[in-house]
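Its first residue numbered 37, the sequence shown is counted upward by one per residue in the working numbering. Backbone N, C-alpha and C define an ideal beta-carbon position, used for all residues, glycine too.
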Amino acid sequence: MPAGTYDAFRVESTGHRIRDPVTLKRAYWVAPGTITRFIAHEVTAKNARGQFLTTDRTELVSFLPGK
Numbered sequence: 037m038p039a040g041t042y043d044a045f046r047v048e049s050t051g052h053r054i055r056d057p058v059t060l061k062r063a064y065w066v067a068p069g070t071i072t073r074f075i076a077h078e079v080t081a082k083n084a085r086g087q088f089l090t091t092d093r094t095e096l097v098s099f100l101p102g103k
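This is the structure:
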């Protein structure tokens, strides 16, 4: 079963690592009351010069509601 379409909120955060000059940005898509986990998650990490170190996206591809 496909994951479907949901009314969701996007929650964003930005932070920095203490030990090395890296900026982290995260975004989660959540649908409270529908799915107990995030629908999608993105994370990017950039060094002090603004170069991308990592870019990842995780996305729900199917969902079967509990009985």
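Identity of the residue in the options nearest residue i by Cα
i: Arg55; options: Ala84, Pro101, Arg93 and Glu95; result: Ala84
i: Arg46; options: Glu78, Thr70, Lys82 and Tyr64; result: Tyr64
i: Val58; options: Thr94, Leu89, Ala67 and Ala44; result: Leu89
CA-to-CA distance, residue j to residue i, given in whole angstroms
i: Leu96; j: Ala39; result: 6 Å
i: Met37; j: Phe74; result: Because Met37 sits at a pLDDT of 41, beneath the cut-off of 50, its placement in the model cannot be relied upon, and the following sentence gives the value as read from the coordinates. Rounded to whole angstroms, Met37 to Phe74 spans 17 Å at the Cα level.
i: Gly51; j: Lys61; result: 7 Å
Residue i (DSSP reduced to helix, strand or coil)
i: Arg46; result: strand
i: Lys103; result: coil
i: Thr41; result: coil
i: His52; result: strand
Check your understanding: Along the chain, which unbroken stretches of the beta strand (DSSP E) at least 3 residues long are found entirely within the segment 58-89?
Key -> 59-66 and 76-82
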